[in-house]
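Report on the following structure.
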Amino acid sequence: MVADPPVPAAAPAAARGEAAGDGGRGAATGGLTAGPPPALGPPLPGRTPAVRALSVGPDKVAGMARIAVIGAGMGAMAAAARLAVAGHRVAVFERGATHGGALKRWERDGFAFDTGPGLLHLPAVYRDLFLKTGREALERCVELSQVDPASRHVFADGTAVSLPNASRAGVLAALDEALGAGRGERWSDVMSRAREAWDATRRPLLEEPLWPDWRVLGRDPYPAVRRRGLFGRGKGPTTATLAEVARRELADPRLTALLESHALAYGFDPRSAPASAAVLPYMEQTFGSWYPRGGMRALADALYERCLARKVEFGFGAEVTGIVGKDGRAAGVELADGRVCEAEFVVAGIDPVRLVELCGDREPWGADDVRPAPVPGDRATGRLTVCLALRGARPADAAHRTVVHAPDRAAELAGVFGDGSGQRTPCERPTVTVLRPDDPSSRPDEAHEAVTLTATVAPPGPVDWLDGEVVAAAAERMTESAEAAVPGLRERVLWREVLPPTPETLVPGPALAGREGRFLRPGNRTRIPGLYAVGGWSHPGGGPAHAGMSGAIVAGLIVNGDDWQGST
């Protein structure tokens, strides 16, 4: 195991929710070094900036490469930490004021709310990251607890069911009891087929770089159901959508809502998503749902601290405006203030569409590669978040997460994804996720409660989320729906803060097999030597776990070479 190096004086512990970065083992001097203080954004209150300057020294130490990372999201920080431990000199350039990407936290009057993902799935991704980058395990840096029940679901007919965490037998029994005999078995059968899809795609769509022959992943690994009759289909890949799987194999509108809600939460339209999207509830029910004390922001802070301990340098307010090229390869980054920072490798933790712009006349992906969709609305949905400060204590038996399902599925999907081009009208009663963490850090005292409501909505453009009346009306409808999870909710509200979707907060989903590869993400290797893509917009896609694996893949490619095919 790699020993922790001394923490440099220029990188003291970060204040919670204030700054971000990736770190790695301190290498020999040279490479990206400190110089006169530039305008890289204001320092954090009560601390020295983690980076006083990001300039380039003339020397390159043998065995050490200078690596410039664009962005301080979770995937970018995961890559930076791993690369620094491998002995490279890593500098992170973040145009914003803080780290963590989508893992943000909004605070006011002693209340605190997660404004991105509210739970962690596949925690093994971060356990491996913390193990590989230092002696302190993840659980020594973040207080993780399993959420049980994993979720409570309130369906349109008023039926409610609480699903236990990481217990297939428990889920089967709960569904039978709440929805009627046989419902649990139907759900379990779908999860069994989802496991086949998971087993077939776990490595290529989570642990390995995107295959050069990626088109083979356009074949859906979800097995078709054998049906009776002369023309019944045998077992083999299916061409069905997730919605068709729900209709044929679940045959219950409540089970359909349960299955489709997992796709919707990741920004997928179940009417067009492949059947392999069934791996989304399978992953959650198999590996569990976890909550870090202090919210998901605590995970981002812990990764930032690990990066600082590994002497990764950070510059906030440092916008990259171009990728520098030399001898046909990426050779550094150009900043908005005109400075050029040279590097042997560039890791871009940004939207691939923006990466194309930064590359100028050079194409990072070829005609035969998976390419980013040019229109944001074709690639992701938005998330509307309502933060509610409530008077009154949180009941001891309150579920951490409750999903209140929309009564009109067709209207909801039309409002989010549209039935064609043009403007979309937000659904009157969308599916609303209600988060009620039992976390003292989220509230000023035990006589109050912080509740977060989220709904998947259309991205900016099809809906004018700059219109205050549109936003207020949507937030009010979400609050009304949430009454099914929190009786008397509106009478308890002290104040609310509404966070509408913006182009910067679109929700990229994880990569999925099937549908001719339309749900894959651009690969981490680009056609420009020395330039790599990382994070939720790149392979293997969005969500904290997948972004973390993206960082592991990029670090593996840089350390082991472009022919590396993943850990064995």
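Numbering (the UniProt record's numbering), first residue to last: 1 to 568.
Built from N, CA and C at the ideal position, the CB exists for glycine as well.
From a predicted model like this one, the values you see are computed outputs, not experimental measurements.
Might you give, ordered along the chain, the residues of its own chain that have their beta carbon closer than 8 Å to the beta carbon of residue i, omitting 5 neighbours on each side?
i      : result
Ala173 : Gly184
Ala447 : Arg391, Gly392, Ala393
Does DSSP classify residue i as helix, strand or coil?
i      : result
His262 : helix
Cys141 : helix
Arg310 : coil
Ser188 : helix
Lys104 : coil
Asp114 : strand
Val486 : coil
Glu249 : helix
Gly325 : strand
Thr454 : strand
Gln146 : strand
Ile558 : helix
Thr526 : coil
Out of the options, which one is the CA nearest neighbour of residue i?
i      : options                        : result
Pro281 : Arg383, Ser167, Pro209, Gly382 : Ser167
Arg409 : Leu264, Asp445, Pro395         : Leu264
Arg66  : Ala343, Thr452, Leu512         : Ala343
Arg429 : Pro395, Gln423, Ala484, Thr452 : Ala484
Ala91  : Met191, Phe314, Phe519, Leu413 : Phe314
Gly548 : Lys132, Gly87, Arg95           : Lys132
Gly96  : Ala197, Glu469, Val320, Asp438 : Val320
Thr201 : Val279, Leu388, Ala150         : Val279
Asp148 : Glu139, Ala399, Ala137         : Ala399
Pro459 : Leu308, Phe268, Asp337, Phe287 : Phe268
Thr385 : Pro437, Arg203, Leu453, Arg424 : Leu453
Ala277 : Ala78, Ala137, Ala194, Gly71   : Ala194
Ala156 : Ala482, Ala275, Ile553         : Ala482
Gly517 : Pro221, Gly536, Asp438         : Pro221
Ala275 : Tyr532, Gly288, Leu242         : Leu242
Within 10 angstroms of its Cβ, does residue i collect 16 or more other Cβ (buried), or is it exposed?
i           : result
residue 569 : Outside the modelled stretch of the chain, which goes from 1 to 568, sits residue 569, for which no answer is possible.
Val340      : exposed
Ser261      : buried
Leu205      : buried
Ala503      : Note that residue 503 corresponds to Pro in the displayed sequence, not to Ala. Its Cβ having fewer than 16 others within 10 Å, Pro503 is exposed.
Glu257      : The displayed chain sequence assigns Ala, not Glu, to residue 257. Buried.
Gly23       : With a pLDDT of 33 at Gly23, under the threshold of 50, the predicted position of this residue should be treated as unreliable, though the coordinate-derived value follows. Its Cβ being crowded by 16 or more others within 10 Å, Gly23 is buried.
Gly229      : Its pLDDT being 43, under 50, Gly229 is placed unreliably in this model, and the value from its coordinates should be taken loosely. Exposed.
residue 593 : In this structure the chain extends from 1 to 568, so residue 593 is not present and cannot be described.
Leu506      : buried
Glu491      : exposed
Leu494      : exposed
Asn560      : exposed
Glu449      : buried
Thr29       : In this prediction, Thr29 scores a pLDDT of 22, lower than 50, which makes its location untrustworthy; the coordinate-derived value is nonetheless stated afterwards. Classification for Thr29: exposed.
Thr402      : buried
For residue i, which residues of its own chain have a beta-carbon under 6 Å away from its beta-carbon, when the five flanking residues on both sides are left out?
i      : result
Glu284 : His121
Glu207 : Gly566
Val353 : Pro372
Ile553 : Pro209, Asn524
With a CB to CB cut of under 7 Å and the five nearest residues on each side skipped, what residues in its chain are close to residue i?
i      : result
Gly360 : Gly322
Lys104 : Thr115, Gly116, Arg297
Val142 : Pro292, Ala298, Leu299, Ala302
Gly541 : Pro508, Gly509, Pro510, Ala511, Arg521
Ser441 : Ala112, Arg293, Gly294
Gly325 : Ala331, Arg362
Trp365 : Arg371, Pro522, Thr526, Arg527
Asp563 : none
Check whether the Cβ atoms of residue i and residue j sit closer than 8 Å, and answer yes or no.
i      : j      : result
Val471 : Val434 : no
Asn524 : Leu210 : yes
Ala474 : Pro407 : no
Gly530 : Phe345 : yes
Ala414 : Val432 : no
Please confirm whether any heavy atom of the ligand GDP lies closer than 7 Å to the CB of residue i.
i      : result
Pro123 : As presented, the structure is devoid of all ligands, the ligand GDP included, so that no description of it is given.
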